[in-house]
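Read the structure below first, then the notes.
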Amino acid sequence: MKKSTSRNPITNAGILNWFKGLFFSKNLTEDTSLGGRRRWVDYAFLVAFFLLLLLAASMSDVFFTERNISNLFRQIVTNGLISLGMLVVILTGGIDLSVGPVVAFSAIVVSGMIQNQHLPLPVAILISLCVGILTGTFNGFMISKFKLQPFIVTLATLGAIRGLVYVYSQTPITPEDPSFRTIFGTPILGPFTLSVLIMLVAFPLAAFFLNRTTAGRAIFAIGGNEEAVRLAGINVQWHIMLAYMISGLCSAAAGVLLASRLGIAQPSVGAGFELDAIAACVIGGAILGGGGGTALGTFGGVVTLGLIDNLLNLFNVQSYYQQIFKGLIILFAVLARRKEK
Amino acid sequence: MHDEDFLIAKDITKYYDTTAVLKRVNFSARRGEVHAIVGENGAGKSTLMKILSGAVQKNAGEIILDGVPVVLRSPFSAHRLGIRAVYQEFSLVRHLSVTENILLGQMPTDRTGFLIDWNRVHKLAEEKLAEIGFTGLNVRSLVSHLSVSHQQMVEIAKAAVTRPRIMILDEPSAVLSQDELNRLFALIQRLKKESTLILYISHRLEEVFGVADRITVLKDGEYMGTVLAGETNQNQLIKMMVGRNLGEIYPKRHKSPGEKILEIKHLAQEGSFRDISFSLAEGEILGMFGLVGSGRTQVARCIFGADPITSGEMHLNGKNIKPKSPRAAVEAGIALLTEDRKRDGLVMSCSIGDNVSLASMEQVSRCGILNTRQRDARVRNQVKGLSIQPAQINRLVRQLSGGNQQKVILAKWLLSQARLLILDEPTRGVDIATKVEIYRIISDLAESGVGIILISSELPEILGLSDRALVMREGCLVGEFAKAGASEEALLSCAAGVIQ
Numbered sequence: 067m068k069k070s071t072s073r074n075p076i077t078n079a080g081i082l083n084w085f086k087g088l089f090f091s092k093n094l095t096e097d098t099s100l101g102g103r104r105r106w107v108d109y110a111f112l113v114a115f116f117l118l119l120l121l122a123a124s125m126s127d128v129f130f131t132e133r134n135i136s137n138l139f140r141q142i143v144t145n146g147l148i149s150l151g152m153l154v155v156i157l158t159g160g161i162d163l164s165v166g167p168v169v170a171f172s173a174i175v176v177s178g179m180i181q182n183q184h185l186p187l188p189v190a191i192l193i194s195l196c197v198g199i200l201t202g203t204f205n206g207f208m209i210s211k212f213k214l215q216p217f218i219v220t221l222a223t224l225g226a227i228r229g230l231v232y233v234y235s236q237t238p239i240t241p242e243d244p245s246f247r248t249i250f251g252t253p254i255l256g257p258f259t260l261s262v263l264i265m266l267v268a269f270p271l272a273a274f275f276l277n278r279t280t281a282g283r284a285i286f287a288i289g290g291n292e293e294a295v296r297l298a299g300i301n302v303q304w305h306i307m308l309a310y311m312i313s314g315l316c317s318a319a320a321g322v323l324l325a326s327r328l329g330i331a332q333p334s335v336g337a338g339f340e341l342d343a344i345a346a347c348v349i350g351g352a353i354l355g356g357g358g359g360t361a362l363g364t365f366g367g368v369v370t371l372g373l374i375d376n377l378l379n380l381f382n383v384q385s386y387y388q389q390i391f392k393g394l395i396i397l398f399a400v401l402a403r404r405k406e407k
Numbered sequence: 028m029h030d031e032d033f034l035i036a037k038d039i040t041k042y043y044d045t046t047a048v049l050k051r052v053n054f055s056a057r058r059g060e061v062h063a064i065v066g067e068n069g070a071g072k073s074t075l076m077k078i079l080s081g082a083v084q085k086n087a088g089e090i091i092l093d094g095v096p097v098v099l100r101s102p103f104s105a106h107r108l109g110i111r112a113v114y115q116e117f118s119l120v121r122h123l124s125v126t127e128n129i130l131l132g133q134m135p136t137d138r139t140g141f142l143i144d145w146n147r148v149h150k151l152a153e154e155k156l157a158e159i160g161f162t163g164l165n166v167r168s169l170v171s172h173l174s175v176s177h178q179q180m181v182e183i184a185k186a187a188v189t190r191p192r193i194m195i196l197d198e199p200s201a202v203l204s205q206d207e208l209n210r211l212f213a214l215i216q217r218l219k220k221e222s223t224l225i226l227y228i229s230h231r232l233e234e235v236f237g238v239a240d241r242i243t244v245l246k247d248g249e250y251m252g253t254v255l256a257g258e259t260n261q262n263q264l265i266k267m268m269v270g271r272n273l274g275e276i277y278p279k280r281h282k283s284p285g286e287k288i289l290e291i292k293h294l295a296q297e298g299s300f301r302d303i304s305f306s307l308a309e310g311e312i313l314g315m316f317g318l319v320g321s322g323r324t325q326v327a328r329c330i331f332g333a334d335p336i337t338s339g340e341m342h343l344n345g346k347n348i349k350p351k352s353p354r355a356a357v358e359a360g361i362a363l364l365t366e367d368r369k370r371d372g373l374v375m376s377c378s379i380g381d382n383v384s385l386a387s388m389e390q391v392s393r394c395g396i397l398n399t400r401q402r403d404a405r406v407r408n409q410v411k412g413l414s415i416q417p418a419q420i421n422r423l424v425r426q427l428s429g430g431n432q433q434k435v436i437l438a439k440w441l442l443s444q445a446r447l448l449i450l451d452e453p454t455r456g457v458d459i460a461t462k463v464e465i466y467r468i469i470s471d472l473a474e475s476g477v478g479i480i481l482i483s484s485e486l487p488e489i490l491g492l493s494d495r496a497l498v499m500r501e502g503c504l505v506g507e508f509a510k511a512g513a514s515e516e517a518l519l520s521c522a523a524g525v526i527q
């Protein structure tokens with residue numbers, strides 16, 4: 067009898083930890099379970115998330131329709147992929163501010179290749195992905211080779227790449243090939259389109275990369291202590307560069323899918339995308355400056371942000387209020403994760 | 028000597044989460060005495076000191092200062108009562124000058140009350156330093172440009188210039204050279220005369236006996252007793268701290284060194300050392316002694332490829348090598364345990380498993396994909412073999428004690444299967460029981476044929492473990508001692524440049 071009562075709290079804690087694991091980094095879960103006391107605010111974020119869902123269910127009869135859910139997922143594809151690349155960069159202790167222009171660059175390049183050069187679809191997509199990797203390589207090279215601050219380097223490329231986009235085309239490009247829209251935009255698995263499936267596969271893939279590959283573990287460790295990793299005989303420069311290449315690739319993929327969904331590539335698209343991506347990572351438990359963060363947590367962050375947008379849209383709230391609300395959510399998430407001294 | 032108790036701590040109790048780190052600790056100290064607090068890592072010394080200096084809040088108990096119960100809510104309230112503490116972690120502002128650090132928050136201004144009169148301020152700082160006998164520090168230089176030992180001196184000076192009634196020194200000597208240590212002891216004598224109470228924490232028992240009047244022993248958060256330094260000896264003290272006899276501190280080895288594995292000829296690095304030549308055999312432990320700043324660490328870093336050499340040759344197993352990077356060195360079978368584990372030894376935000384496997388991930392992976400089951404098994408093996416506590420491989424390294432952190436680094440290099448191991452201060456900030464364990468690990472490694480270069484500032488360690496000892500001074504090798512011919516006096520005078 068005594069045994070069963072004493073076991074109960076442990077299982078409860080286990081479940082709570084599992085939920086927290088979804089949203090916060092593994093490291094943090096262990097931190098709080100050993101270090102500080104558990105406080106309401108540790109769970110408040112999760113509670114808020116479910117309250118949002120509940121609110122949506124009770125107040126809007128549109129929310130749980132297949133159409134809306136499908137829309138919701140299609141809308142988070144862009145931020146989902148960008149956030150994933152951002153997470154990898156944040157894990158190294160860096161930041162990538164240039165994701166927005168890279169999205170625009172790849173969107174406009176893929177559209178241009180299809181519309182103006184009449185290249186086959188796969189070739190056009192491949193070229194624009196390569197463009198993304200190339201910009202990432204440049205960022206990573208400058209940061210790791212010359213030990214420049216990631217914030218400054220990517221701030222510089224943020225402007226420079228946007229300029230390149232306009233050099234390539236000052237006017238929007240509309241790829242008229244209908245297959246470019248249908249291949250990514252037709253539901254193939256339930257309500258999910260190929261673009262959604264790509265994103266849904268990318269997250270476990272990233273989790274696998276971060277947890278189960280030598281490069282992933284190295285990237286994780288670099289954010290904690292770069293010098294210790296170097297002295298363990300690991301090529302730090304290469305892994306930092308790899309992180310920015312992944313971020314470039316993810317942003318480029320997001321750009322292709324965005325162009326496909328909208329059916330048009332605007333040279334101005336992607337302004338402020340870096341903020342949404344950083345927000346998703348932070349809400350999901352990533353630590354700016356390195357040392358913590360998970361793919362699953364970031365997914366939670368992406369879905370939460372998407373949910374807020376979706377709900378406020380359903381309730382016809384002006385987008386300015388959406389921004390205020392998002393800002394508050396981010397502050398709240400950081401507050402909840404604040405370490406007790 | 029004042030006989031009445033100046034500081035009384037009653038039933039001090041502190042919990043972190045549900046773990047009690049201090050259990051009803053009672054102790055008292057007098058004005059003008061040096062009161063040492065000793066105990067193993069995790070005994071609660073630092074927590075007790077942090078409570079007494081207001082940095083940590085107690086859960087229960089009472090602190091009585093000069094007959095009056097006091098509440099220490101913050102370091103600031105402790106400062107106002109004249110309590111100053113110097114912790115193991117530096118609290119200096121690294122990008123400010125020495126002057127600014129010493130006078131932080133009390134910078135004198137000129138007549139307008141807004142502008143700082145820099146010449147006057149620097150002069151004031153110099154005067155204050157001279158008053159406590161710390162001369163020769165350039166007060167204008169930035170703290171980040173100073174060596175670790177000088178930073179420690181600034182840290183101590185910052186507390187001492189306020190003329191505290193109670194001065195708490197938490198492991199002040201760990202990074203100090205002999206000369207600086209002498210200055211610290213002179214300062215302590217001076218403060219004593221001004222009837223300051225000095226609470227002194229140190230792992231080095233020799234040092235404790237040299238400086239302390241009375242010694243209080245803590246064990247597992249409990250008060251074990253207070254003894255007069257003159258009426259006890261090291262063995263008794265260790266028994267009180269550990270609760271048992273430790274037996275042989277330095278294990279006996281049976282095999283003699285084998286074939287030569289490393290040969291270094293005329294190694295030099297501009298500005299730090301020159302013309303270093305020595306060799307190392309399989310299974311040999313080569314001690315390397317020298318004062319802080321003598322270039323020992325630089326030599327180690329250069330052999331490991333962490334820093335570039337300007338000239339010289341290295342032969343490993345008869346082959347001419349030139350490690351361009353730590354990566355090349357690790358591949359060649361060289362390992363380096365650095366002197367500052369927090370700065371460049373461990374990834375604090377990662378788990379034991381990640382840290383232990385960091386240098387050997389390629390051995391358990393194929394095409395970059397880790398075999399995590401194999402990795403975890405190997406890590407568990409090491410954790411068990413070195414008895415790292417707690418023995419959970421997903422525990423964060425940040426949460427381990429200093430001794431266990433050091434073992435994690437050792438485990439990392441054991442897994443990399445290095446044949447040449449360079450240990451730079453392997454027992455710094457490590458408690459006695461763990462020290463003995465680390466000595467056992469080192470000599471076991473030597474027995475298995477690994478060549479070891481042991482850099483240490485602790486002479487007993489060098490003498491107890493090494494087959495041969497080298498001495499460095501100002502970037503040069505100035506002496507080599509066989510085990511038989513070495514004594515503490517000989518090594519020390521050689522390192523300090525004193526001719527006998």
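Protein chains in written order, with my numbering: chain G, 67 to 407; chain C, 28 to 527.
Yeah, the Cβ is synthetic: ideal placement off N, Cα and C, and Gly gets one too.
Keep in mind it's a predicted model, so treat the numbers as computed, not measured.
Sequence-distant partners of L486/C (beyond 5 residues in either direction) whose C-beta falls short of 8 Å from its own C-beta, in its chain, are F316, E515, L518 and L519. For K510/C, there is no enclosing alpha helix (DSSP H), since its DSSP letter is neither H nor E. By the Cβ rule, the segment 349-368 of chain G does not count as touching the segment 228-240 of chain G, because fewer than three pairs are nearer than 8 Å. When C-beta distances to chain C are compared with 8 Å, the residues of the segment 283-294 of chain G below that value are R283, A284, F286, A287, G289, G290, N291, E293 and A294, in chain order. Along the segment 320-351 of chain C, going in chain order, the ones with a CB nearer than 7 Å to a CB of chain G are A333.
The contact set of M134/C on chain G, defined by CB atoms closer than 8 Å, is empty, because the minimum CB distance reaches about 27 Å. For a Cβ distance threshold of 7 Å, residue set G395, I396 and L397 of chain C lies close to T279/G, ordered along the chain. Shown here for M267/C: same chain residues with a beta carbon closer than 6 Å to its own, the five before and five after excluded, namely V244 and M251 in chain order.
Nearest C-alpha to I218/G among S164/G, N145/G and G146/G: S164/G. Scanning its chain for C-beta atoms nearer than 6 Å, with the 5 sequence neighbours on each side dropped, one finds around I479/C the residues I312, L448 and A473, in chain order.
Take A343/G, set aside five residues on each side of it, and the residues of its chain with a beta-carbon closer than 7 Å to its own are N145, I148, S149, M152 and V165, in chain order. Between L34/C and L99/C, the C-beta spacing is not below 9 Å. In this structure the segment 455-474 of chain C does not touch the segment 94-113 of chain C; the number of beta carbon pairs closer than 8 Å is below three. As the crow flies, the alpha-carbon of R192/C is around 8 Å from that of R58/C. When DSSP states are grouped into helix, strand and coil, L163/G belongs to the coil group.
With a cutoff of 9 Å on beta-carbon distance, G395/C and A281/G are scored as near each other. Contact of A309/G with chain C is not assigned, every C-beta pair being separated by 9 Å or more.
Between V61/C and Y227/C, the CB-CB gap stays under 9 Å.
For the pair of segments examined, the segment 141-150 of chain C was found not to touch the segment 111-118 of chain C: the number of CB pairs separated by less than 8 Å stays below three. A331/G is positioned such that its CB atom lies closer than 9 Å to that of A325/G. Ranked by Cα distance from E297/C, the options G69/C, C503/C, L423/C and A522/C are led by C503/C.
A Cβ-Cβ separation of about 5 Å places G429/C in contact with G456/C under the 8 Å criterion.
The straight-line gap separating the alpha-carbon atoms of V48/C and R425/C is approximately 17 Å.
Assignment of I64/C by DSSP, reduced to helix, strand and coil, places it in the strand class. What N301/G touches in chain C, judged by beta-carbon distance under 9 Å, is S352 and R354, going in chain order. A Cβ of chain G is located within less than 9 Å of the beta carbon of M375/C. Those residues of the segment 342-363 of chain G placed with their C-beta closer than 9 Å to a C-beta in chain C are I353, G356, G357 and G358, ordered along the chain. In this chain, N301/G is not harboured by any beta strand (DSSP E), its DSSP state being neither H nor E. A residue is called buried when at least 16 other Cβ atoms come within 10 angstroms of its Cβ; H184/G does not meet this threshold and is exposed. G270/C and E309/C do not touch by the CB rule: their CB atoms are close to 39 Å apart, not below 8 Å. Interface flag for L297/G against chain C is set, since a Cβ pair is found closer than 9 Å. S493/C has its alpha-carbon roughly 11 Å from the corresponding atom of K279/C. Between T220/G and I161/G the beta-carbon gap is near 7 Å, inside 8 Å, which marks them as a contact. Proximity to A319/G across T158/G, L119/G, F250/G and D375/G peaks at F250/G, based on C-alpha coordinates. Look at the segment 83-100 of chain C: it has no residue with a C-beta under 9 Å from a C-beta of chain G.
For the pair L297/G and A333/C, the CB atoms are nearer than the 9 Å cut-off.
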